[in-house]
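Numbering (our numbering), first residue to last: 1384 to 1500.
One structure below.
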């Protein structure tokens, strides 16, 4: 939410860069990526997802470092690779969450029959 607010403030100019709220929301995006690393490690350790799916949450926040490393070799094309990497990994994470939530829903119990006297 804070990263979204930063985008809103930056796009509209509602707050200037001297505002403490602007600067706090600006810090939200990199902090959320650092927190996603913690979440990714936790998912791997918990082993609630199987196989390759366990590693997707950890791979999601690394799109920017990958894009920066590739920019030395590919120049401005690295931005497209970074954005493509982010789009694929975050969409894949959404798919994994959707599929795993459907498979983990409790099985409904059949209604009990009324007692016959």
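Built from N, CA and C at the ideal position, the CB exists for glycine as well.
Grouping DSSP H, G and I as helix and E and B as strand, with all else coil, what is residue i?
i, result
"residue 1437", "helix"
"residue 1458", "coil"
"residue 1400", "coil"
"residue 1364", "Given a span of 1384 to 1500 for the chain in the structure shown, any question on residue 1364 remains unanswerable."
"residue 1416", "helix"
"residue 1432", "coil"
Let me confirm a value: residue i is counted as buried when at least 16 other C-beta atoms fall within 10 Å, else exposed. Which label applies?
i, result
"residue 1446", "buried"
"residue 1389", "buried"
"residue 1470", "exposed"
"residue 1467", "exposed"
"residue 1395", "exposed"
Under 7 Å: does the beta carbon of residue i sit that close to some heavy atom of the ligand FAD?
i, result
"residue 1463", "Although the ligand FAD was asked about, the structure shown includes no ligands whatsoever."
- Item | At least 3 beta-carbon pairs within less than 8 Å: the segment 1407-1415 vs the segment 1430-1441 | no
- If you pair each beta-carbon of the segment 1429-1436 with each one of the segment 1472-1484, do three or more pairs fall below 8 Å? yes
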